[in-house]
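Numbering-wise (our numbering), the sequence shown opens with residue 1 and increments by one. Before any comments, here is the structure.
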Amino acid sequence: MAKPHAEWNQPIIEQFRASGGSVTTRGYGRNLVLVHNVGAKTGEERIAPVLAVREGPDAWIIAAAKGGAPENPAWYHNLRAQPDVDIEVPDEGAVPVHVEELAGAARERALALFAPFGGLDGIQEKTTRVIPVLRLSRRTE
Numbered sequence: 001m002a003k004p005h006a007e008w009n010q011p012i013i014e015q016f017r018a019s020g021g022s023v024t025t026r027g028y029g030r031n032l033v034l035v036h037n038v039g040a041k042t043g044e045e046r047i048a049p050v051l052a053v054r055e056g057p058d059a060w061i062i063a064a065a066k067g068g069a070p071e072n073p074a075w076y077h078n079l080r081a082q083p084d085v086d087i088e089v090p091d092e093g094a095v096p097v098h099v100e101e102l103a104g105a106a107r108e109r110a111l112a113l114f115a116p117f118g119g120l121d122g123i124q125e126k127t128t129r130v131i132p133v134l135r136l137s138r139r140t141e
């Protein structure tokens, strides 16, 4: 039986925080962010480690790939319901961001940023859903 997500994620979260953002698990290195989100149905606070590509000094790109599963990850639905959240970034700590789902040419440009990490083509081929691509833009509150 597969591990529940919390059981899988907790060691990654702990390693991220203990090392200033470097994660050796699955070769993530310094390419993760911890996405804080609130369960759209439960109202419970959650943290999801997600592969992120830096788009610039104030923006990160993430994809709701879920390894090519037939459904989107729960955190994706949570971010759609509440798009102003915090992320934890290597060496920066907590950063307030606004989440925007990308479409069309903007989505394609953002997807190209994943090429150095093997891209998402293999994952996209595992599912019939279109994998959502999101931009996390720093909020200046």
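The beta carbon of each residue, even a glycine, is placed where N, CA and C say it ideally should be.
Look at residue i and residue j and say whether their C-beta atoms are less than 9 Å apart.
| i | j | result |
| --- | --- | --- |
| P11 | L34 | no |
| W60 | L111 | no |
| L32 | P90 | yes |
| V130 | N78 | no |
| P73 | A81 | no |
| E101 | P132 | yes |
Going along the chain, which residues of its own chain have a beta-carbon closer than 8 Å to the beta-carbon of residue i, five neighbours each way excluded?
| i | result |
| --- | --- |
| E125 | G68 |
| T127 | G68, A69, P70 |
Nearest to residue i by CA position, among the options, is which residue?
| i | options | result |
| --- | --- | --- |
| R30 | A106, G43, V53, P96 | V53 |
| L51 | T127, G118, K41 | G118 |
| E45 | G56, K66, W75, G27 | W75 |
| I62 | F114, G21, E141, A103 | F114 |
| P116 | R17, I13, Y28, A40 | Y28 |
| F8 | E141, T25, G43 | Residue identity differs from the one stated: residue 8 is Trp in this sequence, not Phe. Nearest C-alpha to W8: T25. |
| E55 | K41, I13, R109, L120 | R109 |
Starting from residue i, follow the beta strand (DSSP E) in both directions and report where the run begins and ends.
| i | result |
| --- | --- |
| N37 | 32-38 |
| E100 | 93-101 |
| S22 | Premise fails: S22 is in no beta strand (DSSP E) and is neither H nor E. |
| R135 | 133-138 |
Can you tell me whether residue i is helix, strand or coil according to DSSP?
| i | result |
| --- | --- |
| R109 | helix |
| D58 | coil |
| P116 | helix |
| T128 | coil |
| E71 | coil |
Give me, in chain order, the residues of the same chain whose beta-carbon lies closer than 7 Å to that of residue i; leave out the 5 immediate sequence neighbours on both sides.
| i | result |
| --- | --- |
| V99 | L79, P83, V85, L134, L136 |
| R107 | V133 |
| K66 | N72, P73 |
Say the cut is 8 Å; is the CB of residue i nearer than that to a heavy atom of the ligand ZN?
| i | result |
| --- | --- |
| L79 | Absent from the structure shown: the ligand ZN. Ligands present: none. |
In chain order, what residues of the same chain have a beta carbon less than 6 Å from the beta carbon of residue i, not counting five sequence neighbours either side?
| i | result |
| --- | --- |
| E142 | In the structure as shown, the chain starts at 1 and stops at 141, and residue 142 therefore has no counterpart that could be examined. |
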